[in-house]
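Step one of this worksheet: look at the structure below.
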Amino acid sequence: MGRGAPSEVQRNPTGEQVTAVEPLYTVYLEESMDSARDKAERMGAEDFAGLASRSRTVMTRFSNNSVTVTGFNDLSSIDLYLGYKKRRVTSSLREVDEKAVLVEVERMIDSAKKSEPAETYSPLPSGAVEYAIPPKSYDPDVAELDEEGIDIVESVIESSAKAGAKRTSGTFTTTLRKLLLVTSGGREGEFRSSKVELNVRAFTTKEASGSAGVASCTLGDLDYEGAGRTAGEMAVQARNPKVVAPGKYDVLLSRSIAGNLLNLIAAFTSSFYVESGISPLAGKLGEKILSDRITLHDDPTVPGNPGAVPFDAEGEPTQKTTMVDKGVLKTYLHNGATARKFGVESTGHAGWIVPAPRSVIVDPGDIPRDRAVEALATGVYFTNTWYTRFQNYRTGEFSTRPRDAAFLIKNGEIVQSLKGARISDSLLRMFSDVRSLTADSRWVTGWGFRVPCHLPEFILKDVNITSGYK
Amino acid sequence: MTNSVVWYLDEELALTVIDQALMLGADYVEARFHEKKAETIALKNGELEPIIRHMEKGVATRILVDGAMGLATTNLVTEASVLEAVEKAAKLAKAASRLMDEKIEFSPVETYDVEYTAVEKRPWVNTDLDEKIGLLRDIDKGLEDGSELKIGFPSRLLELSHVWEKKLLVNSTGTSILSAIPRTGAHYLLTGATDGKTIQRMGQIGGAVGWEIMEDKDLEGVIASDAKAMERMLLKGTSPPTEEVDVVVAPEVSGIIVHEAIGHPSEADRILGREAAQAGESYMEPDSLGRRIGSEATFVSDDPTIPGSSGYYLYDDEGVKAGKRVLVEEGGIKSFLHNRETAAKLNVESNGSARAMSYSVEPIVRMANTYFEAGDHAFSELLEDVHLGVYIKSFMEWNIDDKRVNQRYTGLESYMIRDGELAEPVRNPMIETTTEELLGKLDARGNDLRFWAATCGKGDPMQGAPVWAGGPHLRFRGIRLGSR
Numbered sequence: 368m369g370r371g372a373p374s375e376v377q378r379n380p381t382g383e384q385v386t387a388v389e390p391l392y393t394v395y396l397e398e399s400m401d402s403a404r405d406k407a408e409r410m411g412a413e414d415f416a417g418l419a420s421r422s423r424t425v426m427t428r429f430s431n432n433s434v435t436v437t438g439f440n441d442l443s444s445i446d447l448y449l450g451y452k453k454r455r456v457t458s459s460l461r462e463v464d465e466k467a468v469l470v471e472v473e474r475m476i477d478s479a480k481k482s483e484p485a486e487t488y489s490p491l492p493s494g495a496v497e498y499a500i501p502p503k504s505y506d507p508d509v510a511e512l513d514e515e516g517i518d519i520v521e522s523v524i525e526s527s528a529k530a531g532a533k534r535t536s537g538t539f540t541t542t543l544r545k546l547l548l549v550t551s552g553g554r555e556g557e558f559r560s561s562k563v564e565l566n567v568r569a570f571t572t573k574e575a576s577g578s579a580g581v582a583s584c585t586l587g588d589l590d591y592e593g594a595g596r597t598a599g600e601m602a603v604q605a606r607n608p609k610v611v612a613p614g615k616y617d618v619l620l621s622r623s624i625a626g627n628l629l630n631l632i633a634a635f636t637s638s639f640y641v642e643s644g645i646s647p648l649a650g651k652l653g654e655k656i657l658s659d660r661i662t663l664h665d666d667p668t669v670p671g672n673p674g675a676v677p678f679d680a681e682g683e684p685t686q687k688t689t690m691v692d693k694g695v696l697k698t699y700l701h702n703g704a705t706a707r708k709f710g711v712e713s714t715g716h717a718g719w720i721v722p723a724p725r726s727v728i729v730d731p732g733d734i735p736r737d738r739a740v741e742a743l744a745t746g747v748y749f750t751n752t753w754y755t756r757f758q759n760y761r762t763g764e765f766s767t768r769p770r771d772a773a774f775l776i777k778n779g780e781i782v783q784s785l786k787g788a789r790i791s792d793s794l795l796r797m798f799s800d801v802r803s804l805t806a807d808s809r810w811v812t813g814w815g816f817r818v819p820c821h822l823p824e825f826i827l828k829d830v831n832i833t834s835g836y837k
Numbered sequence: 036m037t038n039s040v041v042w043y044l045d046e047e048l049a050l051t052v053i054d055q056a057l058m059l060g061a062d063y064v065e066a067r068f069h070e071k072k073a074e075t076i077a078l079k080n081g082e083l084e085p086i087i088r089h090m091e092k093g094v095a096t097r098i099l100v101d102g103a104m105g106l107a108t109t110n111l112v113t114e115a116s117v118l119e120a121v122e123k124a125a126k127l128a129k130a131a132s133r134l135m136d137e138k139i140e141f142s143p144v145e146t147y148d149v150e151y152t153a154v155e156k157r158p159w160v161n162t163d164l165d166e167k168i169g170l171l172r173d174i175d176k177g178l179e180d181g182s183e184l185k186i187g188f189p190s191r192l193l194e195l196s197h198v199w200e201k202k203l204l205v206n207s208t209g210t211s212i213l214s215a216i217p218r219t220g221a222h223y224l225l226t227g228a229t230d231g232k233t234i235q236r237m238g239q240i241g242g243a244v245g246w247e248i249m250e251d252k253d254l255e256g257v258i259a260s261d262a263k264a265m266e267r268m269l270l271k272g273t274s275p276p277t278e279e280v281d282v283v284v285a286p287e288v289s290g291i292i293v294h295e296a297i298g299h300p301s302e303a304d305r306i307l308g309r310e311a312a313q314a315g316e317s318y319m320e321p322d323s324l325g326r327r328i329g330s331e332a333t334f335v336s337d338d339p340t341i342p343g344s345s346g347y348y349l350y351d352d353e354g355v356k357a358g359k360r361v362l363v364e365e366g367g368i369k370s371f372l373h374n375r376e377t378a379a380k381l382n383v384e385s386n387g388s389a390r391a392m393s394y395s396v397e398p399i400v401r402m403a404n405t406y407f408e409a410g411d412h413a414f415s416e417l418l419e420d421v422h423l424g425v426y427i428k429s430f431m432e433w434n435i436d437d438k439r440v441n442q443r444y445t446g447l448e449s450y451m452i453r454d455g456e457l458a459e460p461v462r463n464p465m466i467e468t469t470t471e472e473l474l475g476k477l478d479a480r481g482n483d484l485r486f487w488a489a490t491c492g493k494g495d496p497m498q499g500a501p502v503w504a505g506g507p508h509l510r511f512r513g514i515r516l517g518s519r
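Protein chains in written order, with the working numbering: chain L, 368 to 837; chain B, 36 to 519.
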């Protein structure tokens, strides 16, 4: 398979030169995968796909300006897909020794025999493919940071405190990952990636908080001090909030809240959700579903995309996919089976069961970021949200509870910190009436959404706000 | 001792971990060997989806060094990799210890050496796949075009699932607890439609039991009843009243209210700010015990030891013996949910609320089975003196702020109450209020305690914990409802 373990020359304590295998390569998932494929084929499987992963993650959680726990997770996994007489079975294994994997292949074949043939069966793609490695996706410096990770967390807390925060909480996570693909269609791939994420929340009082979420493939690109500062500044501005008056407002959505909501719209383009009734986009292909100011992609070719991978779970190369072009729904996201059912080509978004986006990218607009509040003129500025629930996924009727700083804006200026707001509207309607977008886009993730988003900030018109406070 | 559990590891490796950690300077160490096997079978719009299987086995080592907590997890269960994890946990904890205002301590705990399990009367693994698929097909058939229903069901997602979870917890206080818990359940999302209008229902059953739950809870009957109710709401539902009315909620709605408005804010890690950047904080403060948050009719408990429940366990993941916790009594806060860390901070003993959902995560404070205690009113008695009101039987949309004050519950199956009797269907009545306002209006509880299965999210990485939430029918006086 040509999957050699990268190594580097180091000196051992006695000064001799030794070759050290990178930590990600100390477990030989390749052998288990190859054996699984051979066994599946011998037992009569017509299709086999295996995705193996080794990741080493260090997460530091902190609250009240102190570290609460630092955790290291060494995860080796093998996910398997079998097609046997058009019967389909998947298995995700967090036990990767060859013997256990081969036993699981037998059990999968046994399950398949007792199962039913799929009405729409799609053979896996075949023929060798050269995968394009997403640019700037691996930084070896994102190693297992011990002291350095604590230093970064300390910087975040200090930046937040300097901006005025009394207490700061958050999570700082670094991940190195190796991904391997083998399919019966002759597709083989390997991809190394790194990811750094920071989620920070700062408080000045119990009711006044600010937040920021940033993500990157490289340590150098992660503005962690900036995130701490932003959260702290917001927490200061959010002091002395008053209950929002219910009504319709034009709103400015920060990247965090926009990321929460656009993660949902992007997920709703999955053909699985469309078919399951968990999407307001059913039957809307080719229709204008959002404002013509919104063009939404998933694009692994964007350098430093923290969600990018070169291949999907069926071995299709990933590519730039425009789901919404100037407000028009262009495509659902597909794997081979859903594509066959819909009579189209796979978009390279398998998930053997649920096709899914790996990044959410919205083209920026033309309002300078520092003029966004001025551009809103009158309305409410929301900086974060959580707890989004739908009354009806088909209509998109939903509500979400903004959290952290929110501000009443009048004449282009912040005049009052707000609390108690609930956005209660239709998701598609909200993003159909977009006044403008800011000109700058950045990567953002958050506690409530893990598909990284590259977004500007949004000014929306006439959004319905309610409150539980009387 | 209860039923013996076959385990893939003897305790020797666990004890080696303990010794190694103590040698590295740990004041406390625990090793949790944690295994899960899961299977999901789903029918989507009448078509069988791929069968989903999942297996994981791994070890979590948690260690206190210099007052800091280190966690290292691996699913490479060899002595070398597990000991590497121990060293890593110690190293991380030492590194973190300089960035701590206050050293972490654990409350004292008794030591135990026990094994326990929950029993599947009809083990999932011994139940034929044919029977499982057959059940899904029977349910789906009742929803297809041509059934007696007067609305269509263009989208139907039906899932059956089973998780088998084994844990061996060994710690440096001498505790060893071996447990095996099966959980079996079903989840469904139905979309009803007619004349361009749609209605959706998401439902779930579950418990620490086997395949027998499908019959015991009558999954087929429950979904058929839901479909009929959806038809009624879609075809005949009218707008809710705009004036203040009395509201009676069914146990499903009692369950979501108690889970969100009392259970979560009772979690001591939230109260102390440890979950601030994730699932949030609480309106309760460390000194809130005794504070009035509801009427005298408000009685709330959480009990992990209910046999067959989704949140069932007898010892938590820190080795603390579990028992019923009274959270609210006569409207006053009686206790919080604690793990050993939060208990030590507040100078109490842990009440055994620490749970970890996988080998790869830390145990954190969780609810198990949270409920309003039953009262003494029959359902008819709750209705009889309501002149004008709304009965909310089930819900769809809900949310609450992250301090657990400002909340919304939007009814799905709902009816007017007129002169003490249930009357016409009502569409989307919405309770949108604050915790103290809502609980302050609770004036009577039914005698019919029931539970619903749910999955509760918290932590980072996110941990979805199986829970039950429930209560009896509840009556609230003078609520102004909103509507979609």
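Even glycine gets a Cβ: it sits at the ideal position worked out from N, Cα and C.
Keep in mind it's a predicted model, so treat the numbers as computed, not measured.
**Report entry** Within chain L, the residues that Thr101 (chain B) reaches when beta carbons sit closer than 8 Å
**Finding:** The identity of residue 101 (chain B) in the sequence shown is Asp, whereas the question assumes Thr. Within 8 Å Cβ-Cβ: nothing; Asp101 (chain B) doesn't reach chain L, min ~11 Å.
Query raised in the report: At a CB-CB cut-off below 9 Å, which residues of chain L make contact with Glu353 (chain B)?
Result: The premise fails here: Glu353 (chain B) is roughly 14 Å from chain L at the closest Cβ pair, so nothing lies under 9 Å.
Query raised in the report: So, using beta-carbon positions, are Ile328 (chain B) and Ser317 (chain B) closer together than 8 Å?
Result: no
Query raised in the report: Span of the beta strand (DSSP E) holding Phe757 (chain L)?
Result: Segment Thr752 to Asn759, the beta strand (DSSP E) holding Phe757 (chain L).
Query raised in the report: Does the beta carbon of Gln442 (chain B) come closer than 8 Å to any beta carbon on chain L?
Result: yes
Requested in this report: Please confirm if Gln758 (chain L) has its CB atom under 8 Å from at least one CB of chain B.
Outcome: Interface residue, yes.
Query raised in the report: Closest by CA to Phe709 (chain L), which one among L:Ser638, L:Leu795 and L:Glu557?
Result: L:Ser638
Report task. Please list the partners that Val567 (chain L) has in chain B, where partner means a Cβ-to-Cβ separation under 7 Å. Result -> Ala312
Query raised in the report: From what residue to what residue does the beta strand (DSSP E) around Gly626 (chain L) run?
Result: Here Gly626 (chain L) belongs to no beta strand (DSSP E); instead the alpha helix (DSSP H) covers Arg622 to Phe635.
Query raised in the report: So, is the C-beta of Glu413 (chain L) closer than 8 Å to a C-beta in chain B?
Result: no
Requested in this report: May I ask you to report which of helix, strand or coil DSSP gives Phe709 (chain L)?
Outcome: helix
Query raised in the report: Closest by CA to Val323 (chain L), which one among L:Leu822, L:Val740 and L:Asp659?
Result: Residue 323 (chain L) lies beyond the stretch modelled for chain L, which goes from 368 to 837, so this question has no answer here.
Report task. Mind reading off the beta-carbon distance from Gly298 (chain B) to Met402 (chain B)? Whole number of angstroms is fine, and I expect it under 8 Å. Result -> 4 Å
Query raised in the report: For Ala479 (chain L) versus Tyr448 (chain L), is the C-beta spacing smaller than 8 Å?
Result: no
Query raised in the report: So is Thr405 (chain B) in contact with chain L if we call contact Cβ pairs under 8 Å?
Result: The beta carbon of Thr405 (chain B) sits no closer than 8 Å to any beta carbon of chain L.
Query - Closer than 7 Å at the beta carbon, the chain B residues around Asn432 (chain L) - result: Asp136
Query raised in the report: Among residues of its own chain, excluding the 5 on either side of Arg521 (chain B), which ones have a beta-carbon nearer than 6 Å to its beta-carbon?
Result: Outside the shown range of chain B, which is 36 to 519, sits residue 521 (chain B), and nothing can be said about it.
Query raised in the report: Nearest-angstrom Cα distance between Ser395 (chain B) and Ile519 (chain L)?
Result: Their Cα atoms are separated by approximately 23 Å.
Query raised in the report: Of all the CB atoms in chain L, is at least one closer than 8 Å to the CB of Met90 (chain B)?
Result: Output row for Met90 (chain B): interface = yes.
Query raised in the report: So, are the CB atoms of Gln604 (chain L) and Ile781 (chain L) less than 8 Å apart?
Result: yes
Query raised in the report: Where does the unbroken alpha helix (DSSP H) through Ile186 (chain B) begin, and where does it stop?
Result: First-last for Ile186 (chain B): undefined, no H or E at that position.
Report task. Identify the contact partners of Ser395 (chain B) in chain L, using a Cβ-Cβ distance below 7 Å as the criterion. Result -> Asn440 and Leu442
Requested in this report: Would you kindly report the start and end of the unbroken beta strand (DSSP E) that includes Gln783 (chain L)?
Outcome: Glu780 to Lys786
**Report entry** Separation of Gln783 (chain L) from Pro879 (chain L), as counted between CA atoms
**Finding:** Past the boundaries of the shown model lies residue 879 (chain L); chain L is included only from 368 to 837, so the question cannot be answered.
Query raised in the report: Which residue from B:Gln442, B:Glu472, B:Leu134 and B:Met392 puts its Cα closest to that of Thr490 (chain B)?
Result: B:Met392
Query raised in the report: Should Lys476 (chain B) be flagged as near chain L, meaning a C-beta pair shorter than 8 Å?
Result: no
Requested in this report: Tell me Thr572 (chain L)'s beta-bridge partners as DSSP assigns them.
Outcome: L:Ala575.
Query - Beta-carbon spacing of Gly626 (chain L), Arg443 (chain B) below 8 Å - result: no
Query raised in the report: Going straight from the alpha carbon of Ala500 (chain B) to that of Ala717 (chain L), what length do you get?
Result: Spanning the alpha carbons of Ala500 (chain B) and Ala717 (chain L) requires a straight line of approximately 27 Å.
Requested in this report: Measure the alpha-carbon distance for Ser430 (chain L) versus Pro398 (chain B) and round it to whole angstroms.
Outcome: 17 Å
Query raised in the report: Which residues of chain B have a Cβ atom closer than 8 Å to the Cβ of Arg768 (chain L), listed in chain order?
Result: Asn434, Ile435, Asp436, Asp437 and Asn441
Report task. Following the continuous alpha helix (DSSP H) through Thr108 (chain B), name the residue where it begins and the one where it ends. Result -> Per DSSP, Thr108 (chain B) is not a residue of any alpha helix (DSSP H); the beta strand (DSSP E) it occupies stretches across Ala103 to Thr109.
Report task. Use the C-beta contact count for Gln377 (chain L): other C-beta atoms within 10 angstroms, 16 or more gives buried, fewer gives exposed. Result -> Reliability of the predicted coordinates at Gln377 (chain L) is poor, the pLDDT of 47 falling under 50, and no value is obtained from them.
**Report entry** Per-residue DSSP class, three states only, for Met426 (chain L)
**Finding:** Three-state result, Met426 (chain L): strand.
Query raised in the report: Counting along the chain, where does the alpha helix (DSSP H) carrying Gln604 (chain L) start and finish?
Result: For Gln604 (chain L), the enclosing alpha helix (DSSP H) stretches over residues Tyr591 to Gln604.
Query raised in the report: Using 8 Å as the limit for Cβ to Cβ distance, is Asp590 (chain L) near chain B?
Result: no
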